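Taking the numbering used here, the leading residue of the sequence shown gets -18, the next gets one more, and so forth.
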Amino acid sequence: MKLFKQVLFAAVSLLLYGQSHAEIAEVSVNIPVVEKGLFGNSTDNMVATEFRPDGPGPFPLIVINHGTPRTSAENRYVTDVYKEHARLFAQLGFVVLNPLRRGFGKSDGIAADSYGSCDNPDYYGAGLKTAQDIAAAIDYARTKPYIDTTRIVLVGQSGGGFGSLALASENVPGVVGVINFAGGRGARGVDNVCKTANLVDAFSRYAKTTHVPMLWFYSENDHSFYAALAKQLFAAYQDAGVDVRFIVAPPYRKDGHGFFHGIESAPIWMKEVAPFLKKLDFPQIQDAEK
């Protein structure tokens, strides 16, 4: 086993078994999100958790983006469920931001990323609204001298994965890759997605202006974005010539849509994530291999 894989295995072991390792600073921050309107601008604060490795940096950045509940009534119950995931990436030399988007958890405002009716959902526009909040997190990072915002990776699950794809389509300076876990919108029940043709169309539109490599995971037993639909979403990016590695993840519990939620899955997805980060030429991954 190559050394850099051993280092990654040690980092995963740290999270799973609680072994001590390098110090990671964890702080809560407020990130302003400006919404432009006809009669002036308004600003809401997004709550986020920042994870920072020990040392002066500058460190590359990972932004982890949460999913979207099936009903808006659940939005305020969303919490930062990816703290252990963030610590894992911070152990590998990244600053990690876990924002709670507007209208979710304790963040200000109302969720801006509604797709409208199930009969004719505007997934494309909804994803761009999610992207707006992710972009605000990146703008915050640009004010910190210890963060290298020329080296940014977007990580997202479900609606957060979809929003990450949307932001990548806008070619934001510094974004060099995307890791998408079960990205999509519109799931209303088991294997039930509103107007799948609209979702595929949104993926196709994003793909046409995307120029960064991506790594996608969809579980065999994902009951939101099921296997046949996931293949259509992937095909939309293939048709546009985007560099995407598509991984069919093993079944996870009763619903593989939560494959990324449980940190116990980290040894599985890290087998693909580590080479992906190495491909993006992150110095800390390269150095670990030597």
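In this text, a Cβ means the ideal position worked out from N, Cα and C, and glycines have one as well. Just so we're clear, the structure is a prediction, and the values are computed from it rather than from any experiment.
Assigned exposure category for residue i - 16 Cβ within 10 Å defines buried
{"i": "E31", "result": "buried"}
{"i": "I91", "result": "exposed"}
{"i": "G97", "result": "exposed"}
{"i": "Y127", "result": "exposed"}
{"i": "L180", "result": "buried"}
{"i": "A247", "result": "buried"}
{"i": "G273", "result": "The question about residue 273 has no answer here: the residues shown for the chain are numbered -18 through 271."}
{"i": "T60", "result": "exposed"}
{"i": "F198", "result": "buried"}
{"i": "L81", "result": "buried"}
{"i": "F206", "result": "buried"}
{"i": "A112", "result": "buried"}
{"i": "V223", "result": "buried"}
{"i": "T190", "result": "exposed"}
{"i": "R234", "result": "exposed"}
{"i": "N11", "result": "exposed"}
{"i": "A209", "result": "exposed"}
{"i": "N46", "result": "buried"}
Residue i versus residue j: straight-line alpha-carbon distance, rounded
{"i": "Q219", "j": "V225", "result": "7 Å"}
{"i": "V229", "j": "V157", "result": "23 Å"}
{"i": "D103", "j": "A221", "result": "21 Å"}
{"i": "T115", "j": "S145", "result": "Before going on, a small fix: residue 115 reads as Ile here, not Thr. Using only the alpha carbons, I get a separation of about 8 Å."}
{"i": "G167", "j": "A255", "result": "30 Å"}
{"i": "G108", "j": "I5", "result": "32 Å"}
{"i": "E253", "j": "T24", "result": "38 Å"}
{"i": "F215", "j": "F227", "result": "7 Å"}
{"i": "A217", "j": "G165", "result": "13 Å"}
{"i": "D182", "j": "S88", "result": "30 Å"}
{"i": "S211", "j": "N173", "result": "The amino acid occupying residue 211 in the given sequence is Ala; Ser does not appear at that position. Whole-angstrom Cα-Cα distance: 13 Å."}
{"i": "G18", "j": "G86", "result": "24 Å"}
{"i": "A285", "j": "N101", "result": "Residue 285 falls outside the range modelled here, since the chain spans only -18 to 271, and no answer is possible."}
{"i": "L261", "j": "Y187", "result": "21 Å"}
{"i": "Q72", "j": "I266", "result": "11 Å"}
{"i": "G84", "j": "K125", "result": "25 Å"}
{"i": "P37", "j": "M251", "result": "26 Å"}
{"i": "K259", "j": "D35", "result": "21 Å"}
{"i": "R68", "j": "E151", "result": "28 Å"}
Own chain, CB closer than 6 Å to residue i, minus 5 neighbours either side, in chain order
{"i": "F257", "result": "L196"}
{"i": "F184", "result": "L214 and A217"}
{"i": "S139", "result": "G48 and A163"}
{"i": "V171", "result": "H204"}
{"i": "Y63", "result": "I45 and N79"}
{"i": "I249", "result": "none"}
{"i": "Y105", "result": "A183 and R186"}
Cβ neighbours of residue i in the same chain (closer than 7 Å, five flanking residues each side left out)
{"i": "K110", "result": "A93 and D94"}
{"i": "I43", "result": "F70, F75, V77, V134 and V136"}
{"i": "V193", "result": "A149, V156, V157, G158 and V159"}
{"i": "F130", "result": "Note on identity: in this sequence residue 130 is Thr, with Phe being the wrong assignment. Counting only Cβ-Cβ distances below 7 Å, and skipping sequence neighbours, we find L42, I119, A122, R123 and G155."}
{"i": "V153", "result": "A116 and I119"}
{"i": "A147", "result": "G108, L109, T111, A112 and Y187"}
Cut-off 8 Å between Cβ atoms - residues of its own chain near residue i, not counting five sequence neighbours on either side
{"i": "V8", "result": "T30, E31 and R33"}
{"i": "P232", "result": "S200, E201 and N202"}
Anticipated Cβ contact below 8 Å, residue i with residue j, distance rounded
{"i": "F241", "j": "F162", "result": "4 Å"}
{"i": "N22", "j": "V15", "result": "5 Å"}
{"i": "P39", "j": "N26", "result": "Going by Cβ atoms, the distance from P39 to N26 rounds to 25 Å, so no, they are not a contact pair."}
{"i": "F20", "j": "R132", "result": "Incorrect: roughly 39 Å between the Cβ atoms, too far for contact."}
Distance cut-off 8 Å: residue i Cβ against heavy atoms of the ligand SAM
{"i": "I160", "result": "Looking for the ligand SAM in the displayed structure turns up nothing, as the structure carries no ligands at all."}
Any chance you could list the beta strand (DSSP E) runs of at least 3 consecutive residues sitting entirely within the region 110 to 150, in chain order? 128 to 138
Please give me, in chain order, every unbroken run of the beta strand (DSSP E) with length at least 3 that falls completely inside the region 0 to 72. 5 to 18, 21 to 34 and 40 to 46
Counting only runs of 3+ residues fully inside the region 209 to 235, write out the beta strand (DSSP E) ranges in chain order. 225 to 230
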